[in-house]
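Peer 1:
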Amino acid sequence: MREGLFQSEKVRVKAMTAPIVPASEAVAESEAFRPHTSHWGVFSARMKEGQLEVRPHEGDPDPNEIIQNFPAALRHRARIAQPMVRRGWLENGPGPDDRRGRDEYVPMSWSAVLDKLAAELRRVRDDFGPGAIFGGSYGWASAGRFHHAQSQIHRFLNTSTGGYVKSVNSYSSGASSVLVPHIIGDYEDLVKRNVSWEQIADHSEIVLAFGGMALKNSMVAGGGTSRHVERGAMERAQERGCEFVLVSPLRSDLPAGARADWVANKPGSDTALMLALVHTLVVNGLHDRAFLDRYTAGWPVFERYLLGETDGQPKDANWAAPIAGLPAEEIVALAKRLHGKRALIVVAHALQRAAHGEQPVWMGMVLAAALGQIGLPGGGYGYGLGAIAYYGRRYNAVPMPTFSQGRNPISDYIPVARIADMLLNPGTTYRYNGQTRTYPEIKLVYWAGGNPFHHHQDLNRLREAFARIDTLVVHELAWTATARHADIVLPCTMTLEREDIGGNPNDPLLVPMHPVVAPYGEARDDYAIFADLAERLGTGEAFTEGRTARQWLEHLYEPTRTALAEKGLPAPSFAEFWAGEGFDLPQQPDDGGNLRAFRADPDASPLRTPSGKLEIYSETIAGFGEADCPGHPTWLGATNVPDDANPYVLVANQPRTRLHSQFDFGGHSNDAKHRGREIAHMHPDDAGLRGIADGDIIRLSNERGACLAAVHVTDGIRKGVIQLPTGAWYDPADANEDKPLCVHGNPNVLTRDIGTSALAQGCTGQLTTVQVARFDGNLPPIQAFDPPGSRTAEAAE
Ligand SMILES: Nc1nc2c(c(=O)[nH]1)N[C@H]1C(S)=C(S)[C@@H](COP(=O)(O)OP(=O)(O)OC[C@H]3O[C@@H](n4cnc5c(=O)[nH]c(N)nc54)[C@H](O)[C@@H]3O)O[C@H]1N2
Ligand SMILES: Nc1nc2c(c(=O)[nH]1)N[C@H]1C(S)=C(S)[C@@H](COP(=O)(O)OP(=O)(O)OC[C@H]3O[C@@H](n4cnc5c(=O)[nH]c(N)nc54)[C@H](O)[C@@H]3O)O[C@H]1N2
Ligand SMILES: [Mo]
Numbered sequence: 001m002r003e004g005l006f007q008s009e010k011v012r013v014k015a016m017t018a019p020i021v022p023a024s025e026a027v028a029e030s031e032a033f034r035p036h037t038s039h040w041g042v043f044s045a046r047m048k049e050g051q052l053e054v055r056p057h058e059g060d061p062d063p064n065e066i067i068q069n070f071p072a073a074l075r076h077r078a079r080i081a082q083p084m085v086r087r088g089w090l091e092n093g094p095g096p097d098d099r100r101g102r103d104e105y106v107p108m109s110w111s112a113v114l115d116k117l118a119a120e121l122r123r124v125r126d127d128f129g130p131g132a133i134f135g136g137s138y139g140w141a142s143a144g145r146f147h148h149a150q151s152q153i154h155r156f157l158n159t160s161t162g163g164y165v166k167s168v169n170s171y172s173s174g175a176s177s178v179l180v181p182h183i184i185g186d187y188e189d190l191v192k193r194n195v196s197w198e199q200i201a202d203h204s205e206i207v208l209a210f211g212g213m214a215l216k217n218s219m220v221a222g223g224g225t226s227r228h229v230e231r232g233a234m235e236r237a238q239e240r241g242c243e244f245v246l247v248s249p250l251r252s253d254l255p256a257g258a259r260a261d262w263v264a265n266k267p268g269s270d271t272a273l274m275l276a277l278v279h280t281l282v283v284n285g286l287h288d289r290a291f292l293d294r295y296t297a298g299w300p301v302f303e304r305y306l307l308g309e310t311d312g313q314p315k316d317a318n319w320a321a322p323i324a325g326l327p328a329e330e331i332v333a334l335a336k337r338l339h340g341k342r343a344l345i346v347v348a349h350a351l352q353r354a355a356h357g358e359q360p361v362w363m364g365m366v367l368a369a370a371l372g373q374i375g376l377p378g379g380g381y382g383y384g385l386g387a388i389a390y391y392g393r394r395y396n397a398v399p400m401p402t403f404s405q406g407r408n409p410i411s412d413y414i415p416v417a418r419i420a421d422m423l424l425n426p427g428t429t430y431r432y433n434g435q436t437r438t439y440p441e442i443k444l445v446y447w448a449g450g451n452p453f454h455h456h457q458d459l460n461r462l463r464e465a466f467a468r469i470d471t472l473v474v475h476e477l478a479w480t481a482t483a484r485h486a487d488i489v490l491p492c493t494m495t496l497e498r499e500d501i502g503g504n505p506n507d508p509l510l511v512p513m514h515p516v517v518a519p520y521g522e523a524r525d526d527y528a529i530f531a532d533l534a535e536r537l538g539t540g541e542a543f544t545e546g547r548t549a550r551q552w553l554e555h556l557y558e559p560t561r562t563a564l565a566e567k568g569l570p571a572p573s574f575a576e577f578w579a580g581e582g583f584d585l586p587q588q589p590d591d592g593g594n595l596r597a598f599r600a601d602p603d604a605s606p607l608r609t610p611s612g613k614l615e616i617y618s619e620t621i622a623g624f625g626e627a628d629c630p631g632h633p634t635w636l637g638a639t640n641v642p643d644d645a646n647p648y649v650l651v652a653n654q655p656r657t658r659l660h661s662q663f664d665f666g667g668h669s670n671d672a673k674h675r676g677r678e679i680a681h682m683h684p685d686d687a688g689l690r691g692i693a694d695g696d697i698i699r700l701s702n703e704r705g706a707c708l709a710a711v712h713v714t715d716g717i718r719k720g721v722i723q724l725p726t727g728a729w730y731d732p733a734d735a736n737e738d739k740p741l742c743v744h745g746n747p748n749v750l751t752r753d754i755g756t757s758a759l760a761q762g763c764t765g766q767l768t769t770v771q772v773a774r775f776d777g778n779l780p781p782i783q784a785f786d787p788p789g790s791r792t793a794e795a796a797e
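Sequential numbering from 1 applies to the sequence shown in UniProt numbering.
Now the structure itself:
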């Protein structure tokens, strides 16, 4: 089927059985469980009779099952065993090439491949300047304060190539992180120093959650979490009498223990619904005028729009009802239900990962302000709460060990989700946050710790974009689709094969991360790879400062130890820390942060916005003059509207059984699939109409691409909506086609690659429209986890 991509059986077997360094040589296998941590929680691990066993941290009240992806993943055939170079690049040299993603790979020794890569980095730097290197390298990589891949690659490029073009913001919060500083102030204050789970358990009386707070999401936190508290906090609140209302196309977006009322609105309609809620409050005199007067700027301008004085259309419940797909009476009742209670408005990141994603974030703040709740314990605006397990918690009171990235001499950047635009349209201009900017001309793209074939939209367009550059370099632990498009593939260790310090600033536990097994094949740490490359570029000392990895851990630990000692707290030496199971750092009080202080005294503690207040109308944003992001929250018309060609709205949300694409080949992720495919959810009425039954294979398609998935038919989803999570590895049936069928279920072959607006240019991957049909053809095999073969047995030395 895809002869070009995969070589003969014989060679494939060779790549799969590459020699594994006997564990005893590098890492002593021990029968004792040793501590470690991951983005899905703190755990401990051991090797027993060649098998990895993991068990969650003892103090975790609600451990995350995603750690069960580790055992099968550790030595899976999808791991990369040795450095590989794409044949076309090797034979023809650097340059644009549409064979990327279709070509063969040639194994090479470490010394030969690093020589070649050093020469190529020098060529690009000398001929075009470091501004022709894109090193944004977005992605979640692995936990660990030192072996954090993005810190490593950025430090390498800063010290050794004269810098790089970076990316700003995230796929997570592309719209909100640009908007919030204009209207509320510091973004971290809003998401991390505001309403906490402790406050919800103790104080909230009603929680209205747009997009929900799904436990599958809060199970994850960058750097690891030792206690998953979200389920317990929602149950305690519910038992105390707190009401939960879920506004979402999926019932599973709040846990059963919250006993929520489910309002299944149309995806993308939340801004209209919130406008109608505020309109209802206003016309009934239920809005908090005193709060709006004292703490907000621009309410009168917004109110004229709300009441229809500027455009002739009052934003009342009758207006919003057909937009949201809800009865007007339900909207009116919901508004009245919010009044007079300690009310918390939550808006999930998901709502802003869509066209005009700025609007629901802004309007959520206005709703919370109209209720007069911002700054009260358990009340106000919990933007992002529940999306990740570092929101709604306390900050640690001492600094975390931090590996310095150095200084980037290149100031050029792109908003992260504009990568394909940049590569396809060098030299053209675009708008971002009030500026007109120009896309640079990139020759070399270097990635470590991310998977653009997971995170980016419209993957067929991304393939075209990657065909344009001279060289794509990827460090990976497994054969992701990104690695399969690279010219140089360097195998790196996975977390259980190296030592590190684990922790995140919103979790108290500092964890000594012990390796449990030797590196797979010839895999090396990102640090070791960059150190050797830097050596070749004459910048070895600047990159390593003469330290081994262990010496770096000791060095990074020291400021934390000193800070503990200065506070008169127990301050274990590194050796003591390393010998133990980890210890809890002191934490800051749960005091509601700057928003609470602002409420207490807005003159003494103004917000960091131009007016010092909550900006319901922003003169700054109005001054940018963007039609798709005016000066106050606005209903800009429906997007992702189903039509005859694409009659369903696709929700492409976060997966339950893994973090993004990581260890999709692990047991927990794979066991949850059906016939090897990712599972989509569909309403019984929709399925019935198309002759689709539970467990069938379906084909989802639109003008951008197509994929297969298995289907689960359920009434837990709004009619007309189909949900397919992200993270199943891109698996083209025939990579030689322009728009190959992904046989595995990666929704990003379907999503649209456009920015949220000219303000933020955020990712819009959450929603799109699709056609759906039962797939009755021969089911193509899953090949995403088979390594591409290498033609020749002799490594090219
Ligand atoms: N349609 C749609 N698309 C989305 C989203 C959506 O809602 N809908 N959500 C978006 C969001 S919020 C995000 S954050 C992104 C996530 O996108 P990514 O962060 O790119 O996804 P991951 O799968 O976590 O990619 C991390 C990669 O790093 C590799 N890795 C792990 N450890 C190491 C290491 O030590 N060294 C090196 N070199 N590599 C390592 C892993 O194998 C993996 O391939 O996806 C976005 N994409
Ligand atoms: N298990 C697991 N957890 C994760 C991740 C993961 O990959 N796996 N990724 C982590 C990361 S990086 C991030 S940024 C966060 C992301 O956090 P979110 O972006 O909030 O998470 P999603 O699951 O994409 O979306 C949450 C829910 O929003 C609902 N939704 C979608 N569109 C709309 C809409 O228009 N209106 C309303 N009302 N609801 C809508 C969907 O039903 C969806 O289930 O999750 C984190 N948690
Ligand atoms: Mo994210």
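Glycine included, every Cβ here is placed at the ideal spot set by N, Cα and C. Every value quoted in this text rests on a predicted model; they were computed, and no experiment measured them.
Expressed to the nearest angstrom, what Euclidean distance is found between the alpha-carbon atoms of F663 and A534?
Peer 2: Numbered from its first residue, the sequence shown carries residue 663 at position 663. Numbered from its first residue, the sequence shown carries residue 534 at position 534. Looking at the two C-alpha atoms, the distance is approximately 30 Å.
Peer 1: If R393 sits next to G101, beta carbons under 8 Å apart, how far is it from one beta carbon to the other, in whole angstroms?
Peer 2: As a position in the sequence shown, residue 393 is number 393, starting the count at 1. As a position in the sequence shown, residue 101 is number 101, starting the count at 1. Actually they are not in contact, since the Cβ atoms of R393 and G101 sit about 41 Å apart, beyond 8 Å.
Peer 1: By the DSSP assignment, the alpha helix (DSSP H) with T402 in it spans what residues?
Peer 2: Numbered from its first residue, the sequence shown carries residue 402 at position 402. Unbroken run through T402: none, as it is neither H nor E.
Peer 1: Ignore the nearest five residues each way along the sequence and tell me which others in E65's own chain have a CB closer than 7 Å to its CB.
Peer 2: Here residue 65 refers to the residue found at position 65 when the sequence shown is read from its first residue. Same-chain partners within the cutoff: H668.
Peer 1: Among G691, Y730, V220, T438, which has the Cα closest to the Cα of V713?
Peer 2: On the sequence shown, position 713 is the one that residue 713 refers to. Taking only the C-alpha atoms, the option nearest V713 is G691.
Peer 1: Going by Cα to Cα distance, which pick from H39, D753, L700, G450 is closest to H744?
Peer 2: Along the sequence shown, read from residue 1 onward, the residue named residue 744 stands at position 744. Looking at the Cα atoms, L700 is the closest of the given residues.
Peer 1: Contact defined as beta carbons within less than 8 Å: I believe P602 pairs with K613. What is the distance between those atoms, to the nearest angstrom?
Peer 2: Working through the sequence shown from its first residue, we reach residue 602 at position 602. Working through the sequence shown from its first residue, we reach residue 613 at position 613. Indeed they touch by this definition, with Cβ atoms about 7 Å apart.
Peer 1: Applying the 10 Å Cβ sphere with the 16-neighbour rule, what's the burial state of P61?
Peer 2: Position 61 of the sequence shown, counted from the start, is the residue given in the question as residue 61. Burial check for P61: the Cβ neighbour count within 10 Å stays below 16, so the residue is exposed.
Peer 1: L338 and L371: beta carbons closer than 9 Å?
Peer 2: For the purposes of this step, residue 338 is taken as residue 338 along the sequence shown, with counting starting at 1. For the purposes of this step, residue 371 is taken as residue 371 along the sequence shown, with counting starting at 1. The answer is yes: Cβ separation under 9 Å.
Peer 1: Report the rounded CA-to-CA distance for E205 versus S611, giving the unit in angstroms.
Peer 2: Numbered from 1 along the sequence shown, position 205 holds the residue referred to as residue 205. Numbered from 1 along the sequence shown, position 611 holds the residue referred to as residue 611. Roughly 31 Å separates the two Cα atoms.
Peer 1: Can you grab the Cα-Cα spacing for the pair P22 / A709, in whole Å?
Peer 2: Taking the sequence shown and counting its residues from 1, one reaches residue 22 at position 22. Taking the sequence shown and counting its residues from 1, one reaches residue 709 at position 709. Confidence at P22 is low in this model, with a pLDDT of 36, below 50, so the placement of that residue should be treated as unreliable; the coordinate-derived value is given next. About 39 Å.
Peer 1: What's the gap between the Cα of R46 and the Cα of V516?
Peer 2: If you number the sequence shown from 1, residue 46 lands on position 46. If you number the sequence shown from 1, residue 516 lands on position 516. Looking at the two C-alpha atoms, the distance is approximately 6 Å.
Peer 1: May I ask you to report which of helix, strand or coil DSSP gives E336?
Peer 2: Taking the sequence shown and counting its residues from 1, one reaches residue 336 at position 336. According to the sequence provided, residue 336 is Lys. The question's Glu does not apply to it. Of the three classes helix, strand and coil, the one that applies to K336 here is helix, per DSSP.
Peer 1: Taking DSSP as the reference, what is the three-state secondary structure of G593?
Peer 2: On the sequence shown, position 593 is the one that residue 593 refers to. In this structure, G593 counts as helix in the three-state DSSP scheme.
Peer 1: Report the option in E230, P71, M84, R294 whose CA atom is closest to the CA atom of I616.
Peer 2: As a working note, residue 616 is residue 616 in the sequence shown. Measuring from the Cα of I616, the nearest candidate turns out to be R294.
Peer 1: Return the CA-CA distance between E597 and D715, expressed in angstroms with no decimal places.
Peer 2: Taking the first residue of the sequence shown as 1, we reach residue 597 at position 597. Taking the first residue of the sequence shown as 1, we reach residue 715 at position 715. Note that residue 597 is Ala in the sequence shown here, rather than Glu. Going by the C-alpha atoms only, they are around 44 Å apart.
Peer 1: Per the contact definition of three or more C-beta pairs closer than 8 Å, is the segment 766–784 in contact with the segment 641–657?
Peer 2: Yes, they touch.
Peer 1: Would you say A542 and Y527 are within 9 Å of each other, going by their C-beta atoms?
Peer 2: Taking the sequence shown and counting its residues from 1, the one referred to as residue 542 is at position 542. Taking the sequence shown and counting its residues from 1, the one referred to as residue 527 is at position 527. In this structure, Y527 does not lie closer than 9 Å to A542 by Cβ.
Peer 1: Between which two residues does the alpha helix (DSSP H) carrying E230 extend?
Peer 2: Mapped onto the sequence shown, residue 230 falls at position 230. Per DSSP, E230 belongs to the alpha helix (DSSP H) from 230–240.
Peer 1: Among all the DSSP beta bridges, which residues are the ones paired with T471?
Peer 2: The residue given as residue 471 occupies position 471 in the sequence shown. Answer is L444, bridged to T471.
Peer 1: Suppose the cutoff is 8 Å on Cβ atoms and the five residues either side in sequence are ignored; what does the same chain contact list for N408 look like?
Peer 2: Within the sequence shown, numbered from 1, the residue matching residue 408 stands at position 408. Hits under 8 Å: H154, L157, N158, G163, Y164, K166.
Peer 1: Report the partner residues of Y432 according to the DSSP bridge assignment.
Peer 2: What you label residue 432 is simply residue 432 of the sequence shown in a count that begins at 1. In the DSSP output, where bridge partners are listed per residue, Y432 has Q435.
Peer 1: Quick one: is the Cβ of Y617 within less than 8 Å of any heavy atom of ligand 3?
Peer 2: The residue labelled residue 617 in the question sits at position 617 within the sequence shown. Result no, Cβ not under 8 Å from ligand 3.
Peer 1: Find the nearest neighbour of F128 within the set A733, L444, F530, judged by alpha-carbon distance.
Peer 2: The sequence position of residue 128 within the sequence shown is 128, counting from 1. When each option's Cα is compared against that of F128, the closest is L444.
Peer 1: If we ignore side chains and look at the alpha-carbon of each, how far apart do H683 and D253 end up?
Peer 2: Taking the sequence shown and counting its residues from 1, the one referred to as residue 683 is at position 683. Taking the sequence shown and counting its residues from 1, the one referred to as residue 253 is at position 253. Cα to Cα, H683 sits roughly 16 Å from D253.
Peer 1: Just to confirm the assignment, what range does the beta strand (DSSP E) spanning L275 have?
Peer 2: Within the sequence shown, the letter at position 275 stands for residue 275. Premise fails: L275 lies in the alpha helix (DSSP H), 270–283, not in any beta strand (DSSP E).
Peer 1: State the CB to CB distance for the pair G540 and A531, rounded to an integer number of angstroms; the pair is presumed to be in contact (CB under 8 Å).
Peer 2: Looking up residue 540 in the sequence shown gives position 540. Looking up residue 531 in the sequence shown gives position 531. The Cβ separation is near 7 Å, so the contact holds.
Peer 1: Closest to H39 by C-alpha separation, out of A368, K216, D591, would be which residue?
Peer 2: Locating residue 39 in the sequence shown gives position 39, where the first residue counts as 1. Checking every option, the nearest Cα to that of H39 belongs to K216.
Peer 1: Return yes when at least one heavy atom of ligand 3 lies under 8 Å from the C-beta of Y171, else no.
Peer 2: Counted from its first residue, the sequence shown places residue 171 at position 171. Using a cutoff of 8 Å, the CB of Y171 counts as near ligand 3, since one of the ligand's heavy atoms is closer than that.
Peer 1: Is any non-hydrogen atom of ligand 2 found closer than 8 Å to the C-beta of A735, if you look at the structure I gave you?
Peer 2: One-based indexing of the sequence shown puts residue 735 at position 735. Not so, every heavy atom of ligand 2 lies at least 8 Å from the Cβ.
Peer 1: For a test of the three-state rule: what should DSSP assign to L477, helix, strand or coil?
Peer 2: Numbered from 1 along the sequence shown, position 477 holds the residue referred to as residue 477. Of the three classes helix, strand and coil, the one that applies to L477 here is coil, per DSSP.
Peer 1: Apart from the five residues on each side of it in sequence, which residues of its chain come closer than 6 Å, Cβ to Cβ, to P401?
Peer 2: By 1-based counting over the sequence shown, the position of residue 401 is 401. Cβ within range, chain order: R145, I501, L556, Y557, T560.
Peer 1: Say the cut is 8 Å; is the CB of S44 nearer than that to a heavy atom of ligand 2?
Peer 2: On the sequence shown, position 44 is the one that residue 44 refers to. Not so, every heavy atom of ligand 2 lies at least 8 Å from the Cβ.
Peer 1: Could you pull out every residue in the same chain whose Cβ sits closer than 7 Å to the Cβ of A350, ignoring the five residues on either side in sequence?
Peer 2: As a first step, residue 350 must be located in the sequence shown, where it is residue number 350. Counting only Cβ-Cβ distances below 7 Å, and skipping sequence neighbours, we find G211, N653, Q766.
Peer 1: Quick one: what does DSSP say G378 is sitting in, helix, strand or coil?
Peer 2: Sequence index remark: in the sequence shown, residue 378 carries index 378 (1-based). Coil, per DSSP.
Peer 1: For the structure I just gave you, are there three or more beta carbon pairs, one from the segment 357–364 and one from the segment 261–275, closer than 8 Å?
Peer 2: yes
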